[in-house]
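Sequential numbering from 29 applies to the sequence shown in my numbering.
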Amino acid sequence: MSTSDLQPSQPIKAEIRLRHLETAARAQQRLGKMLDLPLLMREITLFLVETTGYQRVMCFVHDEANHQLQFGALFGTEPPKSLNHTFISLLQQDQDDIFAHAMQEGQSLNLSEAVLEGSPSIQYMKPVLQPDNGFALPLHQQRLVGMLLFDHHRSEPNHQKEDQELLKAMSPTIGIILENARVHSKTVQELAAKMRELYILRQIDRELNDNVQQDHVFSMTLDWALRFTNASAASLAMYDEESDQLRYVANIGYKIDHEKMNESQSSEINTMHRVARNGRAEIIPDLTLEYDAVRFSGQMQSQLSLPVMREDRVIAVIGLESKKLNAFTEEHLDFLDKLAARAGVAIDNARLFDQTAREGEKLSGILDNIADVVIVLTHDGRIVLINQSALAALHMYGTADDYIGRPASEVFEDSPLYEVVRKAVASKEGMITEIPLTAERTFHINISPYAKVGWIVTLHDITPLKETDRLKSELVATVSHDLKQPLSVMHGYSDLLLMRPSLDTQSQNYTRMIQRSIQNMRTLIDDLLNLARIESGIQLLPQPVRMASLLEECVANVQPSADQKAMTMTMRVPEDLPPVKGDRSYLSQIFLNLISNAVKYTPPEGKVNIWAERHNDHVRINVQDSGLGISPEDQARIFERFYRVRRSETESIEGTGLGLSIVKRLIELHNGQIGLSSQLNSGSTFYVLLPIYT
Ligand code: ADP
């Protein structure tokens, strides 16, 4: 046995023991706080040269993962070749390797020539060491932490022996110090690696988030995977769970493109496919042992495939290959998992974007082929979409692309469309109206707010409808006029009938009923003629109109009917109410109608209140009654022509259903507004807003 005995051969005197303790304490004091591993190793060698007769000390640290002793520092005569990057492998350790065995066992060793010969692990150090007084001291701390090599002792063997005893006594102290520094340096390294990974992941996040184009996302993902793993080639295939198909969409580092990869995919299941199905990553350290591996390059030796998931579904697989054996580690996998999670989101986003863009194209294709004008504006009035019909209807040159992104105020500056859009946008509520876009064409326009985009403007050409309407009005006017004549004759003759003394009471009643019906028909015809006239376009003569006197006249007019039903009517108009701008005769018609409706649709002894007030730059006139009230469904329709509410209470009340539609038309012609609030059986309040005369 050539290993030296750990037990001192002679009893250590108390004095020597004290010296050992003192030296260990000095070592602890000087080296104990050093955490920088290379510096510490250098200091250890220096300290040991100072405290022993050895003139050269080398320090090695144990690399457990690779089973080797890694050179760290040397103090003393430099060997002919630098020892940096040198290591002593303990891997092929067998019982015959004296050095490796002793180190593993924690036994120090005198490195005689015979020992070196019997230790393949350290044999190659032979030219470096001075064999006669070479000494190896393992540093053990439950396990092997490092090793110290000594040679070039300056005095006789006796002294050497003493020094060795001292070193053996100190080895636990140095072992702890080295272990501490090693743990610290490992932690620092791990932390640095984590920081690097975090930094890279942040950069990946930024790049992937900024990109919505599928191709970019694919190649960026592969690029990052290659960079981090140093692999030789990478590919990405999308996976369709339903059809169980893999479709290569990108690759880097192969001689064939991804289309060719798809063509050369065999029916056999390859690793990528297996990973897609199982959702679990696979590392193949040696491809030569895998028979089912599909090869896109003969040079590859190892492979890593991992799934890209999105909400528990595999959507793609990333494949990495290396020309080196065993090229992929758990650390790589750990990072790639994080990359894949990010890629999953980005690929999905890119896919959605692609889909949306395609849908968008489809939609604009459809919009371009419909006859209606469609324009979409952002909240701040920029054009997002404009279809072909819009360009044609508005006589705009060029293509839609020439207008997209431009402000509507600039593009439609000279068109009547702009004024309507501006008003609608200002009102924040949208608008439905008619506009003559050009001299010969009239459009029905609908501007509605759309929270997510801004405003949607649709225009429908109603020129043909307008023409039919005009013809119908003409017809109604002519026919009505022609009807009036025979009605007058009928009325005249019925008057004559009533004058005959021979007419009995019954016949008199019949004749009066005929007369009432004639009167109703006359009212209807008058209303029809009125409406036809208004619709064919009447000319207003706007002037300042004082509402107080106008309303007084109307009330006076209706008073007899109110008196008949024992109703009370009140009227309140502030003295300083400004005049409204309007045509007096038409305004009279409006309020006469509203007030007589209030009386008509209120049961006897009810109340009608009329009052006017200023409302910003308008005057608001309210006509309130305590009558029948109008249901919400009927409220929506009472301004339609001929619409009359059908209720048992209204059956006996005569009317044509035209009054309110005439009123509404007239108010619109005055740039005013009409509205109402009403509750069934508790009365109604109609209000009219008319602009103040300025
Ligand atoms: P009509 O000639 O029938 O009075 P209008 O156009 O003036 O026609 O009114 C339409 C319908 O609206 C009426 O038939 C009536 O049912 C309802 N209406 C109008 N004014 C009132 C009111 N003040 N109270 C209750 N219902 C009313």
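We put the beta carbon where it would ideally sit given N, CA and C, even for glycine.
| message | Assuming contact is defined by CB atoms lying nearer than 7 angstroms, are V636 and L718 in contact in what I supplied? | response | no
| query | Alpha carbon to alpha carbon, how far is Y227 from T249? | reply | 16 angstroms
| said: Whole angstroms are fine: how far does the CA of N290 sit from the CA of I346? | reply: 15 angstroms
| field | Residues of its chain near L525, where Cβ-Cβ distance is below 6 angstroms and the 5 sequence neighbours each way are ignored | value | T539
| message | Using only the alpha-carbon positions, how far apart do E225 and R308 sit? | response | 22 angstroms
| request: Below 8 angstroms CB to CB, which residues in the same chain sit around Q587 once its five sequence neighbours on both sides are set aside? | output: M597
| said: According to DSSP, C87 sits in a beta bridge with which residue or residues? | reply: A101 and L176
| said: Assuming contact is defined by CB atoms lying nearer than 7 angstroms, are D233 and T80 in contact in what I supplied? | reply: no
| field | Close Cβ partners of G634 (< 7 angstroms) along its chain, the five nearest in sequence each way excluded | value | M595, D653, S654 and G655
| Using DSSP with H/G/I as helix, E/B as strand and the rest coil, what is E269? | coil
| DSSP three-state call for E696: helix, strand or coil? | helix
| query | If L111 sits next to M131, beta carbons under 8 angstroms apart, how far is it from one beta carbon to the other, in whole angstroms? | reply | In fact, because the Cβ distance is near 17 angstroms, the residues do not count as touching under 8 angstroms.
| request: Report the rounded CA-to-CA distance for Q723 versus C582, giving the unit in angstroms. | output: Absent from the model: residue 723. The displayed extent of the chain is 29 to 722, so no value can be given.
| Going by beta carbon distance, what residues of the same chain come within less than 7 angstroms of K315, once the five residues before and after it are set aside? | For the record, residue 315 in the displayed sequence is Leu; it is not Lys. Closer than 7 angstroms at the Cβ level, and outside the excluded window around L315, lie A321, M328, Q329, S330 and Q331.
| request: May I ask you to check if the CB of A626 is nearer than 6 angstroms to at least one heavy atom of ligand 1? | output: yes
| field | Any 3 or more C-beta pairs closer than 8 angstroms across the segment 443-463 and the segment 360-375 | value | no
| Which class does Y227 belong to by DSSP, given the choice of helix, strand or coil? | helix
| message | Between Q732 and S522, how many whole angstroms is the CB-CB distance? I'm expecting something under 8 angstroms. | response | One cannot answer for residue 732 here, as it falls past the ends of the chain, which runs 29 to 722.
| Nonlocal neighbours in the same chain, by C-beta distance under 6 angstroms from I463, ignoring five residues either side | P444, V448, F471 and I473
| task | Examine ligand 1 and report whether any of its heavy atoms sits within less than 6 angstroms of the Cβ of T491. | result | no
| Taking 6 angstroms as the cut-off, does the CB of R26 come closer than this to any heavy atom belonging to ligand 1? | As displayed, the chain neither begins before 29 nor continues past 722, which places residue 26 out of reach and without an answer.
| task | State the start and end residues of the unbroken alpha helix (DSSP H) segment that holds T73. | result | L65 to T79
| request: Whole angstroms is fine: what's the gap from T299's alpha carbon to D362's? | output: 19 angstroms
| message | From the DSSP secondary-structure annotation, give me the bridge partner or partners of V716. | response | I649 and I702
| Within 10 angstroms of its Cβ, does D408 collect 16 or more other Cβ (buried), or is it exposed? | exposed
| Buried or exposed by the 16-neighbour rule on C-beta atoms within 10 Å, applied to M223 | exposed
| query | Counting pairs of beta carbons, one from the segment 551-561 and one from the segment 503-517, are three or more of them closer than 8 angstroms? | reply | yes
| query | Cβ-heavy atom distance between G393 and ligand 1 below 6 angstroms? | reply | no
| said: Please tell me whether L334 and L364 are closer than 7 angstroms, where the distance is taken between their beta carbons. | reply: yes
| task | Report yes if the C-beta distance between H95 and L119 is below 7 angstroms; otherwise report no. | result | yes
| query | In the structure shown, what three-state DSSP assignment does N186 receive? | reply | helix
| field | Cutoff 8 angstroms; reference K512; Cβ partners in own chain excluding five residues on either side | value | R550 and I553
| Could you check where the beta strand (DSSP E) with F246 kicks off and where it finishes? | No beta strand (DSSP E) holds F246; the alpha helix (DSSP H) holding it covers Q242 to T257.
| task | Let me know the beta strand (DSSP E) ranges lying completely inside the segment 540-610, each 3 residues or longer, listed in chain order. | result | 571-573, 596-600 and 608-610
| Residues bridged to T406 (per DSSP) | G482
| query | Excluding five sequence neighbours on each side, which residues of the same chain lie with their C-beta closer than 6 angstroms to the C-beta of P313? | reply | S330 and N354
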